[in-house]
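Residue numbers (our numbering), protein chains in the order written: chain A, 2 to 151; chain B, 2 to 151; chain C, 1168 to 1623; chain D, 1168 to 1623.
Heads up: the structure comes next, in structure tokens.
This is the structure in structure tokens:
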């Protein structure tokens, strides 16, 4: 099965609301399960703040692959206040379109009066910033999107 | 199995309201689950007395088809006490193997000191009696099985 | 004590009685229709008997089926709950003749106090205040004019044989009387074959106040204070509370004594509720008596600490009030603490009021301090379309009315029901309403929350 | 009053605090780990902030994360619940320095009363009865012999720096002393780098009795009666009740006065619990103090009618006890009514005690009269494996202990949890136990219910 078939398969599964699918050729094994979770939970997810990335992000803010093309998300490793420049009035650490190197400071998260520099873990181009200067961010909240250098 | 087959399979499953499907060729294993969410209700059905027939039985105790071959179930149209003969010591209304005609009395259900005769609604052979003389029965409880005359 | 009790009911009240029996070590028998096969009352009783198809007339209202179920399970007593057979004196008689104790008043008292016209006369004769009006049937228009002049306009003229609003007219002034009297007379004659009319004073925007009583089978009666149930829609109570704001301690004591004396004269036994209208001046007038447990009994339980269902069972078992409520019979009543409110959560659209049956797909019941939930609903359970739409009673207790209201608001916010519509949003609106919070209540209160009907 | 409070906790206690805030009109901020994304405390707070990954050290115990969450949401105060940061004096100090009110006692009092050895000295100095024992560190074996002779065998020798049972020995007689003393000394030296030992009288089969206190920030202290928590397994309480059977009204009054005087001297503020051992003769001995809200606070709430969390918040807001509990400060305590019992429902196998995390596939919470459920569990919700296994507190109230027990039994019977194992069957066994019902309790009570361990 090549990539295109898989992609088409996935599209079909999504389109047809198939929640599970298994296949195990030769000996043959197929399994399909349709439709939403067996029952709706009474408590929808808290809607107060943007959802954090699915997997708990370890402390150095490693980029997580996003759904869009092949962009990587840099998430906040801590709760605090986001700053895009080292001090008020000074230029921002990175601008959209900048190419950043591993270890380069992307932004600051202030927590308990401490300024925590968030560094890039991969080389890449800054495609989008997802929070504005001075905005509070929670753990795991996406901060910016990078297009990795191939 | 190619993509088109899978797609056709999925369409069939949707059309037939199949929620789960499994297959495991050679050694053979098939599993299909239709409809309704699998979530367990916190309250299992009351287990104290035999389950009544699925559909609410109208008052004249019409026979309901059973799973076994083509037998019909005669269910109790009322709550009360089951008697298989008109009075203690007298012979039973019907025996196993008897052929009964429409309108023939099959048994009595006593409710509030009243003797309610339960009559056959179809011609047929008495195959099995499901309750014993003097036993309390609830609404819809199966009383006996008839094999209808073809 | 009884060894086994059959509960001739369904839903939360059947469960309520099962709880009391379990706590008293009494075995229980549930009856259920085929629509209630998976209902919790059938699940939690020691035995469960299917008594018929979904339609109430063929199951829960089916006297032979219920009594037969009691006979085949050898119960000592039947608790009727509220609704269904609970005020059916014939049913109580059948139980008696089948040597099964009916947990409620004696059939003759049920008949006397349960039938509207006789109850009014009886109430009057035992000293309960009734609305001013004619002494029975009006001889004609001129007597109507005279009585109305005596009791004061506005008045209601009502068909003696009547019901459903036919032959009934509100008369606001002397000038309106001749025309409306003859119109009512004609309508009554056409509808009921009798043009007999009687008259009562009209109380506009009354409050609905009711007193809870308990009587034992040894001639002792006690009252458990009052409830206010003015928040109603089409005579369906939506919110009840205890105590009632306009009742002072002194007035409660005075009315309590009158009520206890009256019920003693009537020979009332077991639990009962006497319903009154309160006019704007604060006077109470008897309207009717409910000879059974009331839906809203939990608010009384929350403030008095008395388990009413246990008390009912012990009374039916022949116990004396002084043993059930030690040291409290002499003072006519029991001590109360704080304030309680009940919201009736119905499975219905909160704006159109259309019932909403179906499967509950998600559920979060509120809990925590001061919150009581009486309900038979569960996640993945089904609300059948055949019965009352009440799915839960949410009751909160606080040190005062303000705290009970705050607690009710947070409990409503945490009460999540998915899959069916409920009246929760309506209750949230009422609880946030300034008039409600200030206690400015009357039976007209809900008019503001009711959709304007388009008239053809 | 505070405008917004952050709750530095999860589960039922976070929800408990949210309830109190909602009723007081205070906005709430929940913090949650990524494992608790769909938890009810995050759902029902006005704001919810993700503070880290599932491991408590990186989220609920992470002081910078919690304080940052408080800063970015501009709260006035933090309620720590129980467990996690609730007894962390450093955290309280950080809150103070960040100008966020910590809802609890002052950090220095937390340190004094929260640290075992200092607390014992402090308790002694303010007049609380402590177990007879050595005055601090034992100089050597001969002093140990002398002290033991004075206080009477059996005794416990304990490592001063100790914990977790290391350097601890029970000594039953003079003959055993030399060997066990040196063994403990060696073990303590190896484990903690200090061989210092002290001695306390051993109470065999003690009862666990604790008193609830509240102190305001104006020097006033009141007690809310006692609780009995003898039903424990490995120092984990399983069942708590109030009042405690062996405490008479006279003894409660006497001990209450001693405790109120002691806490006044200490300068204790906010809610706290003083734990005692009761020896077979009925004497109480201080063991430790919990400087926070207790898991079992609801049993006290049920009998006193005092909302403890609201009281905590009002105290932290600077209000006086005489305003919070009008007319009750002068008499040292508040009026109580009836009897309350709490069962801690844990997600664990009721026989092997192994924790059971996972999805709750079916749920029926008991309700009705006299039943309170404090829980954050819901059908289709997930019990994460990272935290305490407590999933619900089931509390019942009755007119007396017998009724509270009957009510608990029927509530346990109606408490259905599918998908994870729970301790409900264990609680059912305990409630049916004759010794439990008769109140023959001690901390050894659970030994009979604990599986026999195979020793290698």
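A virtual CB, placed ideally from N, CA and C, is assigned to each residue, including glycine.
Note that the structure is predicted; figures quoted are calculated from it, not measured.
Look up residue i in the DSSP assignment and say whether it is helix, strand or coil.
i, result
"residue 1293 of chain D", "coil"
"residue 1228 of chain C", "coil"
"residue 11 of chain A", "helix"
"residue 1246 of chain D", "strand"
"residue 1194 of chain D", "strand"
"residue 89 of chain A", "coil"
"residue 1613 of chain D", "helix"
"residue 1423 of chain D", "helix"
"residue 1418 of chain D", "helix"
"residue 1317 of chain D", "helix"
"residue 150 of chain A", "coil"
"residue 1338 of chain D", "strand"
"residue 1176 of chain D", "coil"
In chain C, what lies closer than 7 angstroms to residue i by C-beta?
i, result
"residue 1545 of chain D", "1531"
"residue 1628 of chain D", "Residue 1628 of chain D lies beyond the residue range present for chain D, which begins at 1168 and ends at 1623; the question has no answer from this structure."
"residue 1510 of chain D", "None at all; the shortest Cβ gap to chain C is about 14 angstroms."
Thinking residue i and residue j are a contact (beta carbons under 8 angstroms), I'd like their distance in whole angstroms, please.
i, j, result
"residue 1435 of chain C", "residue 1444 of chain C", "Actually they are not in contact, since the Cβ atoms of residue 1435 of chain C and residue 1444 of chain C sit about 21 angstroms apart, beyond 8 angstroms."
"residue 1175 of chain D", "residue 1233 of chain D", "5 angstroms"
"residue 1387 of chain C", "residue 1276 of chain C", "At roughly 15 angstroms, the Cβ-Cβ gap does not stay under 8 angstroms, so residue 1387 of chain C and residue 1276 of chain C are not in contact."
"residue 1405 of chain C", "residue 1511 of chain C", "6 angstroms"
"residue 1375 of chain D", "residue 1610 of chain D", "6 angstroms"
"residue 1488 of chain C", "residue 1249 of chain C", "About 22 angstroms separates the two Cβ atoms, so there is no contact after all."
"residue 1529 of chain D", "residue 1583 of chain D", "6 angstroms"
"residue 1311 of chain C", "residue 1344 of chain C", "6 angstroms"
"residue 1193 of chain C", "residue 1172 of chain C", "6 angstroms"
"residue 1449 of chain C", "residue 1413 of chain C", "6 angstroms"
"residue 1587 of chain D", "residue 1550 of chain D", "6 angstroms"
Counting only Cβ pairs nearer than 9 angstroms, list the residues of chain A close to residue i.
i, result
"residue 1583 of chain D", "Within 9 angstroms Cβ-Cβ: nothing; residue 1583 of chain D doesn't reach chain A, min ~15 angstroms."
"residue 1195 of chain D", "Per Cβ cutoff of 9 angstroms: no residues; residue 1195 of chain D is ~11 angstroms from chain A at best."
"residue 21 of chain B", "21, 32, 33, 34, 35"
Give me the chain A residues within the contact set of residue i, using Cβ-Cβ distance strictly less than 8 angstroms, ordered along the chain.
i, result
"residue 1218 of chain D", "80, 139, 140"
Taking Cβ-Cβ distances shorter than 7 angstroms, what residues in chain D pair up with residue i?
i, result
"residue 112 of chain A", "1231, 1235"
Going by the DSSP bridge assignment, what does residue i pair with across the sheet?
i, result
"residue 1445 of chain D", "D/1374, D/1451"
"residue 1629 of chain D", "As displayed, chain D neither begins before 1168 nor continues past 1623, which places residue 1629 of chain D out of reach and without an answer."
"residue 101 of chain B", "B/125"
"residue 1585 of chain D", "D/1529"
"residue 1498 of chain D", "Per DSSP, none; premise fails for residue 1498 of chain D."
"residue 1365 of chain C", "C/1325"
"residue 1269 of chain D", "D/1245"
"residue 76 of chain B", "B/143"
"residue 1456 of chain C", "C/1441"
"residue 1171 of chain D", "D/1194"
Give me the chain C residues within the contact set of residue i, using Cβ-Cβ distance strictly less than 8 angstroms, ordered along the chain.
i, result
"residue 1465 of chain D", "1536"
"residue 1189 of chain D", "1573, 1576, 1577, 1580"
Just the chain C side, please: which residues come within less than 9 angstroms of residue i by C-beta, in chain order?
i, result
"residue 1399 of chain D", "Going along chain C, no residue has its Cβ under 9 angstroms from residue 1399 of chain D, so there is no contact; the nearest lies around 24 angstroms."
"residue 1468 of chain D", "1536, 1537"
Note down, in chain order, every chain A residue with its Cβ under 7 angstroms from the Cβ of residue i.
i, result
"residue 1152 of chain D", "Chain D is shown only over 1168 to 1623; residue 1152 of chain D falls outside these bounds and no answer can be derived."
Given that residue i touches chain D, what residues does it touch there, using C-beta distances under 8 angstroms?
i, result
"residue 1211 of chain C", "1580, 1581"
"residue 1310 of chain C", "Neighbours of residue 1310 of chain C on chain D: none; closest Cβ ~52 angstroms, over 8 angstroms."
Subject >> Cβ pair count under 8 angstroms reaching 3, the stretch 1354 to 1369 of chain D against the stretch 1333 to 1342 of chain D >> reply: yes
**OP:** Mind the definition here: the stretch 71 to 82 of chain A touches the stretch 112 to 123 of chain A only if three or more C-beta pairs lie below 8 angstroms; say whether that holds.
**Re:** Cβ pair count under 8 angstroms is three or more, so yes.
**OP:** Would you check if there are 3 or more beta carbon pairs closer than 8 angstroms linking the stretch 121 to 128 of chain B to the stretch 1221 to 1229 of chain C?
**Re:** Touching, no, given that fewer than three Cβ pairs across the two stretches are closer than 8 angstroms.
**OP:** Examine the Cβ distances between the stretch 1559 to 1577 of chain D and the stretch 1478 to 1498 of chain D and report whether three or more of them are shorter than 8 angstroms.
**Re:** no
Original post:
Do the stretch 1284 to 1295 of chain D and the stretch 1341 to 1356 of chain D meet, that is, are 3 or more Cβ pairs less than 8 angstroms apart?
Top reply: No: the two stretches stay apart, fewer than three of their Cβ pairs being nearer than 8 angstroms.
Original post:
Does the stretch 1199 to 1209 of chain C come within contact of the stretch 1169 to 1186 of chain C, defined as at least 3 CB pairs closer than 8 angstroms?
Top reply: yes
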